[in-house]
Structure formats: C-alpha cells, structure tokens
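Protein sequences appear in the order of chains U and X.
Just so you know, we're using the working numbering here: the first sequence kicks off at 27 and counts up by one.
Just so you know, we're using the working numbering here: the second sequence kicks off at 27 and counts up by one.
Positions of the beta carbon are idealized from the N, C-alpha and C atoms, including for glycine.
Accompanying notes for the structure given below.
2 protein chains.
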Amino acid sequence: MSIGGTASTTAVLRVMNERAVFAEIFKLGKVSRPELAQATGLSKPTISMALADLERARLVRPIGLRTGNAGRAALLYEIRPQAGWVLAVDVGREFVRLALADLVGDIAARRDEHRKGGETPGELVAWLAGLARELVDEAGVDLADITLTVFGTPGIHDKETCSLQLAPNLPGWGRPGAIELLAGVAGEAPYLVENDVDLAAVGEGAYGLGQGMAHFALVWIGTGIGMGIVIDGKLYRGYQGAAGEISYMPVGEGDPLVNRGRGMLESVASADGVVALATRLGMRGVTSAKDVFDAARAGDDVARQVVAAEADHIAHALAGVIAVLDPEMVVLGGGIGAQAGDLLIGPVADGLRDLVALRVPMIRASTLGTEAVLLGAMAVGLTKARDLVFERAVAQAPPG
Amino acid sequence: MSIGGTASTTAVLRVMNERAVFAEIFKLGKVSRPELAQATGLSKPTISMALADLERARLVRPIGLRTGNAGRAALLYEIRPQAGWVLAVDVGREFVRLALADLVGDIAARRDEHRKGGETPGELVAWLAGLARELVDEAGVDLADITLTVFGTPGIHDKETCSLQLAPNLPGWGRPGAIELLAGVAGEAPYLVENDVDLAAVGEGAYGLGQGMAHFALVWIGTGIGMGIVIDGKLYRGYQGAAGEISYMPVGEGDPLVNRGRGMLESVASADGVVALATRLGMRGVTSAKDVFDAARAGDDVARQVVAAEADHIAHALAGVIAVLDPEMVVLGGGIGAQAGDLLIGPVADGLRDLVALRVPMIRASTLGTEAVLLGAMAVGLTKARDLVFERAVAQAPPG
DNA sequence: CGAACTTTGTTAGAGACCTTGCCAAATTTG
DNA sequence: CAAATTTGGCAAGGTCTCTAACAAAGTTCG
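Structural data, given as structure tokens:
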C-alpha cells in the first residue's frame, strides 16, 4: 500500500527534524546555521535547537567562524568524525584487507595481508582479530569505539543457518553457526557479512562509475564469476541472497551436466577457462589469464582468438542479464574485468549490439580495481553507522 | 544516504497522521475509533479529529453502529467507495478489456471486446473512448469522476518520445507522441501507460499467487514472451523500461543472427514455436499450441516430445532469470503458461534442478488467466488513486 | 426490570514543537 | 567611523497531540 507512513507525536517530529539536519550536514560538510535553515526548510530557532542537541550528543561540533562575506561571521558546524568508527574487512581468496575509517569516511589505518591459505575458521578469525587490534591502536582509538564491522567474503550468507553457501575457497565456513565467529573480530560491535561481489557493486556505486546511477550491475570475472546488482541505488540480494550468482548461467556449448558443480559460464569464462582454451588452441607456457591478455596486446593471433571467444561468452551472458534487468550500465570488474578491460569492452559491446533488443547499456571497466570490495564494505558500513550513532544518541538523550 | 526524511512542521504531522488513519481504514475495512487508535497508536481525540476531517473531505463515511459487545455501541467508519473511480484498460492483441471500479476496488462495470484489428491509433482511441463512456453511464457516474486511468499494452512506453517501442502488433503507436492520444479516452483525468506483462505481474502480486511476496517474476508465454518483475513488492521497470524483455534471451541452438528481429527465446518457445516444432516432428493438423497440448494430454508421443522440448527451453531461460534475480517464485502466465501449466510446471522444475545453484524457487501456473493484465492495471490504479484522492482532499481543505 | 459494569465518545487542560517578528551582536563596506 | 548586512537569540503565538475526567450508550446479572 503506497499510502503509508506511521502515526507520530510531536516528539517524533523533533527527531525527524534533527535527523534531517544531521543528514544535511553530512551532505554539505562545513555548514552554517542559515545554510541549514535554507536546505531543510526549518526556521533559525529550530536549527539552533537541533544543533544544540546534536552537539550535546557529540555527533557534530562547531569548527570556527566563516568570515569574508558581508555581515556577521557565521559559526560553522561539521560532523564530529570521531562520533563513529567503521571497520571494513575484505576476506578474499588470496588477500585479506582491512580498513578503519571514522564517521566521515577518512581512513585512519589499513592493512593488506597475503593469506597463508588453509586456515580453519578459528585461525582466520584470530588472525583478523589481531589485525583489527593493530588498526585500532594505530588510529589511537579503542576497540569499543568501533560502531560497526562489515565483512566481505565469497559465497552467500545464509541467515537461517548462519553459514556461508557457495564458498568453496573458504573451507569450514559452510558449517552452521560458523559465521557467528566473526562477531569476535572487533569487540562487541554489531557486524554485517556481505557477499564480496555485492560489496564491490556498492563500492562502484559510492566511489566509482556508478555514482548517482539508479540501476547498474557489476560483473566480477576472476577465479570465479559473480555479479552485484544495484537497483534504485540499493543493493539487491534476492530471496536467498543469491541474486547475481551468474556462474551457473547456461552459456556456451556442450552438455551442461558435464560442468555440474562448477557453473557453466564460470567454466568457460573465468581465468581458468581462458587458460584452458588458450592451451587447447596451442599456446605454450600459459599459466595465467594475464599471459594470454599480454600476448593478445602484443599481437599474438591465437591469443586474440581466445580474447574474442572470451568476449563472446561474456556478451552472451550479459545479453541474458540485460534482457532481465535492463540496467543503465554494466561494469566489468575482478581480475579479468579490470586487467583486460581495454581488450574486452569493445568486443563485448559490439557483440551485444546483435543480442539486445533495445539500446545497449554502457559497458565499462571498473576503475576501483582490487579496492572495490573494501570500498563497498566501507560504504555499507558508513551508511549504517550514521544511522546507528544517531539512533543511539537520540535514544540516550531525548529532550533538551 | 539512508539517513533521510524531510523536515516538517506540525501541520505536516497532522497530514501524516490523517494519512495513516486513512490507510488503516483501507486495511481494516469497517472499523471503529478505538480500533483505529489501537492500530495507529494515536489517541482517541486525535482519531476523532482525523475522522472528522476525512469525513468532511468525503473520503470516509460512518456506516452504522456495531452492537453486541459489552459497553456502548461503536460507530463504524469505512472508505467512501465513491470517493474515487479507476478505469483499467487492457489493450491486448486480440481483445480489449475495460473495467471501472470504485475506490475500494469493487468493479461497477466492465467490457470485453474482440478487436477488429488494423485500426489506426485514432480509431482505436475513439473506440475506447466510446466504451469508457458506456462504462461510466452503466455505473451511474460522470466521466469527470474518474480519478485515474491505467492502460496496459504490449511494448514498452518510452517517456522521452511518448511512443511505444517493441510493439509490432500495434501499428502506428511507435510514432513520437502517439501515446498522448490516450489522454482523450477518459476525460481530463491523469493516465498511466504500462507494459501489459508488467501489469500482469502486479496483478499476480495483488490478487494472485504473489500476495505478500517480496520478490517474484511472472513469465508470460503466448504469442510473444515477456516477463514482469516484482522487487520489494514493487514493479521493477529497468532503466529504459525494458526489464524482463526476455524474448531476446539467447537460448537454444542455431545461429542467433538468423533469428534477429524476433527474439531467440521467443522464436522457439512462443506459441508459434511450439506449432512449428510439432509440425517439424510430423504432427498433422496442428494449427495452435493448444492442439499440441491437448494431444500431449491424450497421450500422443510426438506431442509429449514437443512439450518436453518446450519445458526444456523454458527451464534454460528461467535458469538465467533465476541466476540473476533469485526470486522467491516464478509464475507462468499467458496463453501457454496458463493453459499448459499442468504439463509444464513439473518438467520445468525438474529441469531447473540441474541448472540452478541453490534451491529452485517455486514454479507455479498463474491462477488469474486472461484477467491478470486487467487486474494488474486495476491494482496499480487503485494504489495511485488512493494517494491522489487523499492528496487532493488534504490540499483543498487543510485545517479543521 | 433495574442496577452495576463496560465500552465509546467528548471536553478541558497541559505539554511539546515550530514559526514569526523583533532585537542585539558581529563583520564588511564606503 | 557610520551604514549596511548577515547572524544569532529571545519572546509570543499557533498548531498539534496527549492525559484525565466525564458523559453517553450499550450489555450483563441479580
């Protein structure tokens, strides 16, 4: 029902207005009272009241006078950065990345660590906890100051069993309750677990090519294949959280059943698939997809053939995605998407022209590279943390 | 930014509360003041004030006393049905259907007319306008009483050019500005034009199998193929309004370029595709898909083979859809989906088990049949009309 | 059949919030 | 240094909602 809205009393009205002021300060940065009055439509006394409350809750702070204009100098306010801290953790297949940022998103400390591989969940969590403590020390804050932690991992997070599905590279995490171990990484703070590719899409929307775009998709091609979907500016997860798991899309020739267990698209289009095809066509000494792409750039005919085949596979998969979602843009990310973007974007877009009913959406290579997941986790965390700190502050100290 | 909300004054608060009361009456039907107070959390005096305002605006009316319980009899209120009228129009390929309903959704008059075919847009609009006038007369209301008209048509509605794309069966409607002709069908009221399959999905969500479901898709298989997508309970249209145009999905064998101009999935899975395959396999006297399905039910081996192939094509297309969207349910509708649901549901679900990564969503046959589009148009219209009449009433007569 | 009980609806008083209008303070401009 | 301009604060007034008490109208039980 579109007619909705909850019934409210005047106290709720006050909270709504304070929230609006808080949000406006985030949007505008350093801002004066008259500017806030202008932006929110509220009167000067109301703005002053709201600011007094927010300052008492230590969510904002006065930052000094703005002089230079005619008239009395305005006292500027800004978000108090230390009002919240967000820990973002990218638990990748080969690397672990962590970043600690304050409430305005400035990164105070970060780590990139190579994984040894084969850790048990307990070992992994212990390691991450140690790294988190290092970050917190480095930033000069306390573990208890962390507002929220966001983890990005492969696989999908099953809320019923608290386990990870479809994450073959994280052994032991499929067991019921395993994910709850992550609660121990950073103090008592709440935590979120999201699919890594989904987060990369959010990152692309917050800091990359998807800024201000309502509907787009990020296709992640590397050792595996996945897709993150942003609809109406928000991450779309699907019913089971499996939206965008396109590795199983039926693409390419051959008996689909042969490829059971690994997705059909994944088996032909992932890094391994590229290497396999190159070898099959007679290339020598190829150990990684990067070798193939480098050879193609150098003019190797067989390598170019492999690239063309790869582009064709991607185009066919994207044709299905586009037919279903009709996005404004498709971003290619992940190892292959980012490394070979220059080689693939053109042929993929060309191929799509024959496969798509209407206009072909923009096809772009991600500009965020390996940072996408971490940035997405940070974006999710910051958004959520802003709500959390406000909710807490308003709940604790209600009236004036 | 998740922290949002607009700043408000107390006058806005009053409107919010009145809107909440209005919505609650829609939800509960005949309802007393104490029940409204309970449901909205507002106090008795506030409920009385809101009801007085709503009654003065002629949006609700007292309906009598509820006696029987202990204590004083409660005065019941309900939505005044005549507070708004919605005209729903399904402009199909072979039929035109119209329904006129009051604000609570009771259908006061309707028509089902066979199309002559080949009308110009002007002729079609004139015909529809005549039918609309008949409906209005039959219901005993005036053309000016119509709050909103919703049209469902094939093709997608391009807002920039005001034309219909991808609607080969509606000649003349691709011209820029053509759609604006529809404004003349029902007085001065605002109107909406939506894709017919999208509306069918909305109908399924409002009156059919999708009730209370957040994410589902309706696949429409008939003379053409399309899909309507509901995400978070709302219709998802995509960037260009082409979301769910799966007729072009690359499915099945053969050179895709051969099928250019007609979608690849559409060419093999639509009604024509079924007839074509049956003929190719040696069936005689087959003129419609229904013949094939009847023969399959009667035990004809070749027909069963055609059905199996059809199910296989649908399963492969759905595998792509499910990989992207991860819906809770997929409904099969349209001529083939509804008529042959009994034959297809099982094999399609079985086929999907080998093509889908996680749990296969529910696969169901639509229960709404040919009514789906009209019901969807009505659902869209009613939702919008409820907003419209409230907005108008509150804007006209603000305070008490 | 009537008194006690229960629920409904209204009225009065009070509290919370926002706004307008006015005035003081602080800074630039001439 | 005075005029102009902008900022910030204060007081008065209006709107909205809530609580509490009361009146009205039905049922239940003796």
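Original post:
Once you ignore the five residues that flank VAL312 of chain X on each side, which residues in its own chain have a CB closer than 7 Å to its CB?
Top reply: What you label residue 312 of chain X is simply residue 286 of the second sequence in a count that begins at 1. Closer than 7 Å at Cβ, skipping near neighbours: VAL301, ALA304, THR305, VAL318.
Subject >> Sheet register partners of ASP138 of chain X (DSSP bridge) >> reply: The residue labelled residue 138 of chain X in the question sits at position 112 within the second sequence. Answer is X:ARG123.
Original post:
Between TYR262 of chain X and ILE257 of chain U, is the Cβ-Cβ spacing less than 8 Å?
Top reply: In the second sequence, residue 262 of chain X corresponds to position 236, counting from 1. In the first sequence, residue 257 of chain U corresponds to position 231, counting from 1. Yes, they are a contact pair.
**OP:** Evaluate SER69 of chain U with the Cβ neighbour count: other Cβ atoms within 10 Å of its Cβ, from every protein chain shown; 16 or more gives buried, anything less gives exposed.
**Re:** Along the first sequence, one-based indexing puts residue 69 of chain U at 43. Counting Cβ neighbours within 10 Å, SER69 of chain U comes out exposed, since fewer than 16 surround it.
**OP:** Answer with buried or exposed for THR35 of chain U, where buried requires no fewer than 16 other C-beta atoms within 10 angstroms of its C-beta.
**Re:** Mapped onto the first sequence, residue 35 of chain U falls at position 9. The residue in question, THR35 of chain U, is exposed, as its Cβ has fewer than 16 Cβ neighbours within 10 Å.
Original post:
In the DSSP assignment, what are the bridge partners of LEU174 of chain U?
Top reply: Here residue 174 of chain U corresponds to residue number 148 of the first sequence, with the count starting at 1. In DSSP, LEU174 of chain U forms a bridge with U:VAL112.
Original post:
What whole-angstrom Cβ distance do THR295 of chain X and MET275 of chain U have, given they're in contact under 8 Å?
Top reply: Within the second sequence, the letter at position 269 stands for residue 295 of chain X. Within the first sequence, the letter at position 249 stands for residue 275 of chain U. Here residue 295 of chain X turns out to be Ala, not Thr, going by the sequence shown. Contact flag wrong, Cβ pair sits at about 17 Å.
Original post:
Roughly how many angstroms separate the alpha carbons of GLY407 of chain X and ALA226 of chain X, rounded to a whole number?
Top reply: Taking the second sequence and counting its residues from 1, the one referred to as residue 407 of chain X is at position 381. Taking the second sequence and counting its residues from 1, the one referred to as residue 226 of chain X is at position 200. So the two alpha carbons sit approximately 13 Å from each other.
Subject >> Residues bridged to THR179 of chain X [DSSP beta-bridge criterion] >> reply: On the second sequence, residue 179 of chain X is found 153 positions in, with the first residue counted as 1. Answer is X:ASN221, bridged to THR179 of chain X.
Original post:
Any idea if LEU244 of chain X is buried or exposed, counting beta-carbon neighbours within 10 angstroms, 16 or more meaning buried?
Top reply: For the purposes of this step, residue 244 of chain X is identified with residue 218 of the second sequence, where counting begins at 1. By the neighbour-count rule (16 or more Cβ atoms within 10 Å), LEU244 of chain X is buried.
**OP:** Determine the direct distance from the alpha carbon of GLY377 of chain X to that of PRO353 of chain X, and round the result to whole angstroms.
**Re:** Looking up residue 353 of chain X in the second sequence gives position 327. Looking up residue 377 of chain X in the second sequence gives position 351. When rounded, the distance between both Cα atoms is 17 Å.
Original post:
Just reading off the alpha helix (DSSP H) that VAL38 of chain X is part of, what are its end residues?
Top reply: In the second sequence, residue 38 of chain X corresponds to position 12, counting from 1. Per DSSP, VAL38 of chain X belongs to the alpha helix (DSSP H) from 36 to 54.
Subject >> Chain-ordered chain X contacts of ALA241 of chain U [CB-CB under 8 Å] >> reply: Position 215 of the first sequence, counting from 1, holds the residue named residue 241 of chain U. Checking the sequence shown, residue 241 of chain U turns out to be His, not Ala. Result: GLY264, TYR265.
Original post:
When the cut-off is 8 Å and only beta carbons count, does GLU354 of chain X lie next to chain U?
Top reply: Translated into the one-based positions of the second sequence, residue 354 of chain X becomes position 328. So, interface residue.
**OP:** Report back the beta-carbon spacing between ALA76 of chain U and GLU44 of chain U to the nearest angstrom; my notes put them in contact at under 8 Å.
**Re:** The count along the first sequence starts at 1 and reaches residue 76 of chain U at position 50. The count along the first sequence starts at 1 and reaches residue 44 of chain U at position 18. Contact holds; Cβ gap of about 5 Å.
Original post:
For ARG87 of chain X and chain U, any beta-carbon pair shorter than 8 Å?
Top reply: Locating residue 87 of chain X in the second sequence gives position 61, where the first residue counts as 1. ARG87 of chain X does not count as touching chain U.
Original post:
Going along chain U, which residues have a C-beta under 9 Å from MET309 of chain X?
Top reply: Taking the second sequence and counting its residues from 1, the one referred to as residue 309 of chain X is at position 283. Those within 9 Å of MET309 of chain X in chain U number zero; the least Cβ separation is about 28 Å.
Original post:
Should the stretch 150 to 160 of chain U be called in touch with the stretch 106 to 124 of chain U, which here means at least 3 C-beta pairs below 8 Å?
Top reply: yes
Original post:
Using the beta-carbon of each residue, which ones in chain U are nearer than 9 Å to PRO107 of chain X?
Top reply: Position 81 of the second sequence, counted from the start, is the residue given in the question as residue 107 of chain X. Simply none; closest approach about 16 Å.
**OP:** Compare the C-beta of ASN43 of chain X against all C-beta atoms of chain U and say whether one is closer than 8 Å.
**Re:** On the second sequence, position 17 is the one that residue 43 of chain X refers to. So yes, ASN43 of chain X belongs to the interface.
Original post:
Exposed or buried, which one is GLN64 of chain U when buried takes at least 16 other CB atoms within 10 Å?
Top reply: Locating residue 64 of chain U in the first sequence gives position 38, counting from the first residue. Result: exposed.
Original post:
Cβ of THR173 of chain X within 8 Å of Cβ of LEU414 of chain X?
Top reply: As a first step, residue 173 of chain X is located in the second sequence; it is residue number 147 there, counting from the start. As a first step, residue 414 of chain X is located in the second sequence; it is residue number 388 there, counting from the start. Yes. Within cutoff.
Original post:
Residues of chain U with a CB under 8 Å from the CB of THR36 of chain X: which are they?
Top reply: Numbered from 1 along the second sequence, position 10 holds the residue referred to as residue 36 of chain X. Those within 8 Å of THR36 of chain X in chain U are THR36, LEU39.
Original post:
What are the residues of the stretch 373 to 393 of chain U that lie near chain X, defined by any Cβ-Cβ distance shorter than 9 Å?
Top reply: ASP380, LEU381, VAL382, ALA383, LEU384, ARG385, PRO387
Subject >> Length-filtered (4 minimum) alpha helix (DSSP H) runs lying within the stretch 340 to 388 of chain X >> reply: 360 to 365, 367 to 379
**OP:** Step through the CB atoms of chain U and report whether any lies within less than 8 Å of the CB of GLU271 of chain X.
**Re:** Translated into positions along the second sequence, residue 271 of chain X becomes position 245. Yes, GLU271 of chain X counts as interfacial toward chain U.
Subject >> First and last residue of the uninterrupted alpha helix (DSSP H) at PRO88 of chain X >> reply: In the second sequence, residue 88 of chain X corresponds to position 62, counting from 1. Here PRO88 of chain X belongs to no alpha helix (DSSP H); instead the beta strand (DSSP E) covers 86 to 92.
Subject >> Given 8 Å, three or more beta-carbon pairs between the stretch 91 to 105 of chain X and the stretch 47 to 59 of chain X >> reply: yes
Original post:
Which chain U residues are close to ILE257 of chain X, counting only those with a beta carbon under 8 Å from its beta carbon?
Top reply: By one-based count along the second sequence, residue 257 of chain X stands at place 231. Under the 8 Å cutoff, chain U gives ILE257, TYR262.
**OP:** In the DSSP assignment, find the beta strand (DSSP E) that holds MET253 of chain U and state where it starts and stops.
**Re:** Here residue 253 of chain U corresponds to residue number 227 of the first sequence, with the count starting at 1. Looking at the DSSP string, the run of the beta strand (DSSP E) that includes MET253 of chain U is 251 to 257.
**OP:** Compare the beta carbon distance of LEU196 of chain U and VAL151 of chain U with 8 Å and say whether it is the shorter of the two.
**Re:** Here residue 196 of chain U corresponds to residue number 170 of the first sequence, with the count starting at 1. Here residue 151 of chain U corresponds to residue number 125 of the first sequence, with the count starting at 1. Going by C-beta atoms, LEU196 of chain U is not nearer than 8 Å to VAL151 of chain U.
Original post:
Should the stretch 388 to 405 of chain X be called in touch with the stretch 229 to 243 of chain X, which here means at least 3 C-beta pairs below 8 Å?
Top reply: yes
Subject >> Interface residues of chain U facing LEU192 of chain X [CB-CB closer than 8 Å] >> reply: Position 166 of the second sequence, counting from 1, holds the residue named residue 192 of chain X. Under the 8 Å cutoff, chain U gives ALA383, LEU384.
Subject >> Pairwise C-alpha distance: PHE242 of chain U and ALA135 of chain X >> reply: Along the second sequence, read from residue 1 onward, the residue named residue 135 of chain X stands at position 109. Along the first sequence, read from residue 1 onward, the residue named residue 242 of chain U stands at position 216. Roughly 42 Å between the two C-alpha positions.
**OP:** Pick helix, strand or coil for TRP199 of chain X, following the three-state DSSP scheme.
**Re:** Within the second sequence, the letter at position 173 stands for residue 199 of chain X. TRP199 of chain X falls in the coil class under three-state DSSP.
Original post:
Residues of chain X with a CB under 8 Å from the CB of GLY248 of chain U: which are they?
Top reply: Looking up residue 248 of chain U in the first sequence gives position 222. Neighbours of GLY248 of chain U on chain X: none; closest Cβ ~18 Å, over 8 Å.
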